[in-house]
Structure formats: structure tokens, C-alpha cells
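In UniProt numbering, the protein residues as written are 1 to 91.
Have a look at this one:
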């Protein structure tokens, strides 16, 4: 059973950061469109570099094990704030 748990943790440590990395990469490659979308949602466009840093950089940091707990805390907080803010805009 311990072996199965270890495999599950390894898979999660690989797949979760990939979600952030791909989201960050999408923002990098569609910078102006993402900036316009953020502004339409009420988020200042100048915050896009910070969002990219948290998503792309944070995903890479977690994937490679750099300051994993701290980075995971920041990305989790960012995700919760984003979900809350966007849900308020859509209601």
C-alpha cells in the first residue's frame, strides 16, 4: 500500500505543476489577449507578469522541487483568490 501511495504522490507532483505551467505558457504566448481579458474581468492588466510568474514560474519550481511548500502555498492562495474574484465577476 505504501508503494501505491508513493506512486500517487509522484504522479500528483508531476501533473499538478503541468497545469500551472501550461496555463502560464498560454498567457505568455497570448499576452495581449490575456491582458485584455483580465481587464474585462476587472483585473488591472499590469498584473499579468505577476500572474505569469506565479503560474509558469511556480509550476516549474514545484516540478523541480524548489521551495516546494512555499511555492505550493503561493499557488494555492493565488488559485483561491482567482476563483473567488472571477466568481464574483460572473454573478
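All C-beta atoms in this analysis are idealised placements derived from N, C-alpha and C, irrespective of residue type, glycine included.
Host alpha helix (DSSP H) of residue 19 (start-end): 2-29
Where residue 43 sits in the DSSP three-state scheme: coil
Per-residue DSSP class, three states only, for residue 54: helix
Helix, strand or coil at residue 85 [DSSP, three-state]: helix
The segment 70-78 touching the segment 25-42, judged by at least three CB pairs closer than 8 Å: no
Beta-carbon proximity list for residue 10, same chain, < 6 Å, skipping 5 on both sides: none
Secondary structure of residue 65, DSSP reduced to three states: Coil at residue 65, not helix or strand.
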